[in-house]
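S.K.:
Protein chains in written order, with the numbering used here: chain V, 64 to 316; chain Z, 101 to 579.
1) Residue 286/V and residue 552/Z: beta carbons closer than 8 Å?
2) Buried or exposed for residue 162/Z, please, with buried defined as at least 16 other CB atoms from any protein chain shown within 10 angstroms of its CB.
3) Output needed for residue 234/Z: all residues of its chain with C-beta closer than 6 Å, excluding positions within five of it in sequence on either side, in chain order.
4) Going straight from the alpha carbon of residue 96/V to that of residue 253/V, what length do you get?
5) Tell whether a beta-carbon distance below 8 Å holds between residue 200/Z and residue 440/Z.
6) Give the DSSP-derived three-state secondary structure of residue 200/V in the structure shown.
7) Which value, in whole angstroms, describes the spacing of the CA atoms of residue 72/V and residue 367/Z?
8) Find the residues of chain V that neighbour residue 520/Z, judging by a C-beta separation of less than 7 Å, and give them in chain order.
9) Does any residue of chain Z bring its CB to less than 8 Å from the CB of residue 159/V?
10) Pull up the distance between the alpha-carbon of residue 119/Z and that of residue 570/Z, whole angstroms please.
11) Against chain Z, which members of the segment 75-97 of chain V pass a CB distance test of less than 8 Å?
12) Does residue 116/V get closer than 8 Å to chain Z when you measure Cβ to Cβ?
13) Flag this pair as touching only if the segment 152-169 of chain Z and the segment 376-387 of chain Z have three or more C-beta atom pairs under 8 Å; answer yes or no.
14) Could you tell me which residues DSSP puts in a beta bridge with residue 307/Z?
15) Can you give the Cα-Cα distance for residue 123/V and residue 506/Z, rounded to whole angstroms?
16) How many angstroms separate the CA atom of residue 579/Z from the CA atom of residue 217/V?
17) Going by C-alpha to C-alpha distance, which of 501/Z, 449/Z and 500/Z sits closest to residue 480/Z?
18) Establish whether the CB of residue 275/V and some CB of chain Z are separated by less than 8 Å.
19) DSSP state of residue 72/V, grouped into three classes?
20) Closer than 7 Å by C-beta to residue 316/V: which residues in its own chain qualify, once you throw out the five before and the five after it? Chain order, please.
21) On the CB-based measure, 16 or more other CB atoms within 10 Å of its CB, does residue 494/Z come out buried or exposed?
22) Anything in chain Z within Cβ reach of residue 216/V, meaning under 8 Å, just list it in chain order.
23) Checking 8 Å against the spacing of the C-beta atoms, do residue 308/Z and residue 218/Z come in under that value?
24) Report the option in 281/V, 171/V and 204/V whose CA atom is closest to the CA atom of residue 236/V.
25) Can you list, in chain order, the residues of its chain with a C-beta nearer than 6 Å to that of residue 118/V? Leave out the 5 residues immediately preceding and following it.
26) Are the beta-carbon atoms of residue 588/Z and residue 295/Z separated by less than 8 Å?
27) For residue 524/Z, which residues in chain V fall below 8 Å Cβ to Cβ?
28) In whole angstroms, what separates the C-alpha of residue 198/V from that of residue 93/V?
29) Cα separation between residue 374/Z and residue 404/Z?
30) Judging by CA-CA distance, which residue of 137/Z, 416/Z, 466/Z and 260/Z is the nearest neighbour of residue 310/Z?
31) Hey, could you find the ends of the alpha helix (DSSP H) residue 403/Z is sitting in?
32) With 8 Å set as the bound, which would you pick, yes or no: does the beta-carbon of residue 502/Z sit closer than that to a beta-carbon of chain V?
33) Using beta carbons (cut-off 8 Å, strictly below), is residue 155/V in contact with chain Z?
34) Would residue 342/Z and residue 207/Z qualify as a contact pair, given that the criterion is a beta-carbon distance under 8 Å?
35) Taking 8 Å as the cut-off, does the segment 451-466 of chain Z touch the segment 273-288 of chain Z (at least 3 CB pairs, one atom from each stretch)?
36) Answer yes or no: does any C-beta atom of chain V fall closer than 8 Å to that of residue 490/Z?
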């Protein structure tokens, strides 16, 4: 790690703001442990993905413009970085380019801002090149779930795995299919969504006997935990930031 | 077949209750998907001829064809006619059926053998020919099985993937005295024995076509059973029905496309048979049909061609890699989609071929996981096109005013700081039943909770925690 102290602006996401407070707090802790100067603006809200995915692009454009304006003001130094604990919301930002293609002013902002966005694990491994962990997860087994958007749209695959390995955790690989969340998909077509979830949870009993189930994305975790709560299993569902943060109470067994 | 895609919401729920079907679909598609992965990974090297480069090259060749489709079609038609074939252009399904019916009538045929063709399903050919009094025999094993049961294919490459094998054993036992517990190979042998005489009796053979080669006027058919080769060579008259998008510029492009198609479709390095057919039998050839007709079917493909956002759909080479890898298809099977093309490719193609108002549910039958786009050998941005159709469904007011209002409110809240603050604070005071799970009187919540728990929405928001503790801690930390 360099002695330079990276200035990080959080994009915490509306989901984490309301439903993932522990994950969000651990994101802050973790970034500070790795030497970042962490900033949070309470003007932020959502990336607009629910409207975008559902095809309501006028609504999505409104949110996209607001997001761009908010972060454009925050980035005052050429080295400023935006970090988000969500691969899916991070991936959504890249859709702004098509969404706002007819608005050159917005595209100019997009080109200034969006290339500076990193998913949390991507930032720690690719930008900070971290080589140490602040938790000792020796003897702990962890099933890692790939968020489709983190994996396919952002290329996040090795980074979370590397962080878990640095902590000493034993990784359990399992069925790589989608968990069936898909945002509105999970309530528009709940039976298909649940069938996908059950397939995932049925696929590897090894994974379910692990100590923790983790991922880069709270949406997937909401879905997976929602199903696990109705099964008798000892596995705990936590965001990867919580697992890697020594201050998180998830470690006090 | 009459499209039922408009009733997707009801039909897919029924399909989900067919557990034997679902098990067969999941097993069949997962097996083929794993084989595809192995076969494609084998080529996935960094060098410029590797798998990813092949995809890019195939996509750009297809795009070049689509940018100038009329002249490629003309070139193909001229070369095919020079080789002795007769070309028929069909603007729509009725046109295509009429062309084929005219040819068959002129032959005085009674028996017609067919090899696999999804376009023939698209134009409802069999029903029309049977109404005319012909015996039409599907000779692909999967299609043969389905024809016996008056069913339609549920998959573009594995038509009977939804059928548990034991059902086929029972059916063949009843009809052909084949033993219960017969192996797949034994079942195929039985079908062969039954179909063999039909091949000898048929006056007309109808096939599809995987590629139309512009610079030679050839049609190319890939298969594993040999039935397409017999269909195109035994009867005196061969009719090929092919969509106009199947053009590739040159025979030199064929190896690339064959390589991608066989690996993507079945995980084979090459299919067992590849037939390149250029015109009917010539005077110095002992075998082959006396006549060859090629029916080039548009049927709304030019609508796709004229639409920049949808145009990449026409790159499709019908390998079904997207279908096999789709976690939604794997659960509901192909019949849930209600028409000929199912899975991700069906969800982007059917809304154009049937009209968006008749198929707008299909693009929503996806979690947008992107697995389809990742495996597509011609790099069709399938998930983007799913979203594009959703956008058009919204614009056409197909998705209801309640949803439109909800989304407008969502945006209003998200771009207004005070409203966001109020809404997220309000969400915290909604009742929760046991302190652990949420209970909100909203349809989205009850639909979710029908099968999953939702954690209670309570306590401070992150922004409160930040203000209370984290911001100050950071200041100390920084000092």
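Idealized CB from N, CA, C, for every residue including glycine.
M.R.: Working from what's here:
1) Cβ atoms of residue 286/V and residue 552/Z: closer than 8 Å.
2) buried
3) 212
4) Here the alpha carbon of residue 96/V sits roughly 40 Å from the alpha carbon of residue 253/V.
5) no
6) coil
7) Answer to the nearest angstrom: the Cα atoms are 46 Å apart.
8) Neighbours of residue 520/Z on chain V, chain order: 108.
9) No, no contact with chain Z.
10) 51 Å
11) 75, 77, 79, 80, 81, 82, 83, 84, 87, 88, 91 and 95
12) yes
13) no
14) 340/Z
15) 12 Å
16) Interpretation of residue 579/Z is limited by its pLDDT of 37, a score under 50 that renders its predicted location unreliable; no figure is taken from the coordinates.
17) For residue 480/Z, the nearest C-alpha among the options comes from 449/Z.
18) Chain Z, which has no Cβ nearer than 8 Å to the Cβ of residue 275/V, makes this no.
19) strand
20) Residue placement at residue 316/V is poorly supported in this model, since its pLDDT is 47, which falls under 50; the coordinates still yield a value, given next. Beyond the five residues adjoining it in sequence on each side, residue 316/V comes within less than 7 Å, by CB distance, of no other residue in the same chain.
21) buried
22) 470
23) yes
24) That would be 204/V, whose Cα lies nearest to the Cα of residue 236/V.
25) none
26) Nothing can be reported for residue 588/Z, as the shown portion of chain Z is limited to 101 through 579.
27) 77, 80 and 81
28) 10 Å
29) 29 Å
30) 416/Z
31) Element bounds for residue 403/Z: 401-405.
32) no
33) no
34) The answer is no: Cβ separation not under 8 Å.
35) no
36) Closer than 8 Å to some Cβ of chain V, the Cβ of residue 490/Z qualifies, so yes.
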